[in-house]
Amino acid sequence: MNLRVLALSPYPLAGPSPRYRLYAYQKPLRDRGIDLDIQPFLPPLAFQLRMNGAKNHPVVLAQVGAAAFKRLLQARTAQSRYDLIYVHRQTAPFAQAYFDKAFLRSKLPIVFDMDDAVFTEYSIDLLLRGSVAATVGNSYLSSYVNLISPSTHVAVIPTVVDTMKYRVKDQQRQNARPVVGWIGTSSTFENYLLPFLPGLISVCKRLNAEFHVIASLDVQARAEAVGAKFIPWSLDTELRNLQDFDIGVMPLREDSYVRGKCAFKLIEYGAIGIPSIGSDIGANREVLKHGITGLLASNQEEFETHLVTLLTRPDLGRPLGLAARRIIEQRFSLAAQIDVMETVIRDAVKWKTI
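Position 145 (the sequence shown) corresponds to 417 in the numbering used here; numbering is contiguous.
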């Protein structure tokens, strides 16, 4: 049976979360008879301006107003056009309860999706209780759904990469300076990488390595101030710039939001076959098996010690990276999860009609 799904996202393709949890599935689902009509709330220009710190730019304000009207129109016409509504993270980036109620009134089955502990920032409980199913990135998020809405069917679908696009990096060029790297958003840079960065860069300088930061432009001054090489993120250059990394890092700090994170940086590093170091927290432990697919660190001192090991013993890093790649192919790839995603969507339509 062919199905038409209205997929709501707060952000367009340039947003990392919908890019890997919605857009990545669009073509393979279409090949299986499921049309995923992805409707981001923010248009690309407004999203880009917000990413670069211009949240109150007149263009942003005008486009947000138009987007709100469009969202309400989608809620009112959804029942006649679609078989199911798939909500990634939130129906809209503000006034969530208002928009949630509008889509709940459509009486269509709803599947709610999250890859972070978004409930620490805004309430999703109303939408969860009205959802027949939820797709979540890890077991911590699954536990929250079960607590709030026991009747909602839950499927753990990790955030995935297309391993046909993420190719294993060639071995480090001889006589080239090794590159340690991090990729992320402005908020994750500020909250998680920056406290570790001076120490990591000190290790890099001592061992003749570079530290690259791939992020939005508003990160540039802060990254360069502590000695990192800043690489502006763009959709067109992301994979190419990742291929420059020889070692990836993902430091975190323990809090309720972090426990819901899906270790996606480690998934990206593993997909290109490079060794990585991650904080010994939450889903990081599912991707990194210490000493097998990467190295886990409990504090900054361990991060720096592990970095010294990988920089001075590149022969140890290559097997870790290749083992990580195998884990990505088995559990964290589009090919590994597409069957689960299709089943959730088709079952959600059946559950609503029972």
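Backbone N, C-alpha and C fix where the C-beta goes; we use that ideal spot for every residue, glycine too.
Subject >> Cβ neighbours of leucine 398 in the same chain (closer than 7 Å, five flanking residues each side left out) >> reply: Ala369 and Asp372
**OP:** Tell me, please, whether the stretch 277 to 288 touches the stretch 306 to 320 by the rule of three or more beta-carbon pairs shorter than 8 Å.
**Re:** yes
**OP:** Please report how far the alpha carbon of leucine 579 lies from the alpha carbon of isoleucine 473, in whole angstroms.
**Re:** 10 Å
Subject >> Same chain only: Cβ atoms within 6 Å of isoleucine 626, ignoring 5 sequence neighbours per side >> reply: Caution is warranted here: a pLDDT of 49 is assigned to isoleucine 626, below 50, making its placement in the model unreliable, and the coordinate value is therefore given only provisionally. Nothing meets the Cβ criterion.
**OP:** Would you decide whether lysine 537 is buried or exposed? Buried here means 16 or more other CB atoms lie within 10 Å of its CB.
**Re:** buried
Subject >> arginine 348 versus isoleucine 600 - alpha carbon distance >> reply: 40 Å
**OP:** Starting from histidine 425, follow its DSSP beta bridges and name the residues at the other end.
**Re:** Ala405
**OP:** Give the secondary structure of isoleucine 617 by DSSP, where H, G and I count as helix, E and B as strand, and everything else as coil.
**Re:** helix
**OP:** Could you tell me the distance, in whole angstroms, from the CA atom of glycine 453 to the CA atom of aspartate 527?
**Re:** 24 Å
**OP:** Inspect the beta-carbon positions of alanine 487 and glycine 456 and report whether they are closer than 8 Å.
**Re:** yes
**OP:** Just tell me which of Val612, Leu568 and Ser378 has its CA closest to the CA of leucine 344.
**Re:** Ser378
**OP:** For the stretch 515 to 587, list the beta strand (DSSP E) runs that are entirely contained and at least 3 residues long, ordered along the chain.
**Re:** 519 to 522, 548 to 551 and 567 to 569
**OP:** Run the CB neighbour count on glycine 566, radius 10 Å, all protein chains shown included, and call it buried at 16 or more, exposed below.
**Re:** buried
Original post:
Which residue or residues does DSSP assign as beta-bridge partners of glutamine 311?
Top reply: Leu280
Subject >> Three-way DSSP call (helix, strand, coil) for tryptophan 623 in this model >> reply: helix
Original post:
What distance in whole Å lies between the Cβ atoms of alanine 296 and aspartate 434, which are believed to be in contact at a cut-off of 8 Å?
Top reply: 6 Å
Original post:
Mapping DSSP to helix, strand and coil, what is alanine 487?
Top reply: strand
Subject >> Extent of the continuous beta strand (DSSP E) run through glycine 453 >> reply: 451 to 455
Original post:
Can the beta-carbon of valine 440 be found less than 8 Å from the beta-carbon of isoleucine 544?
Top reply: yes
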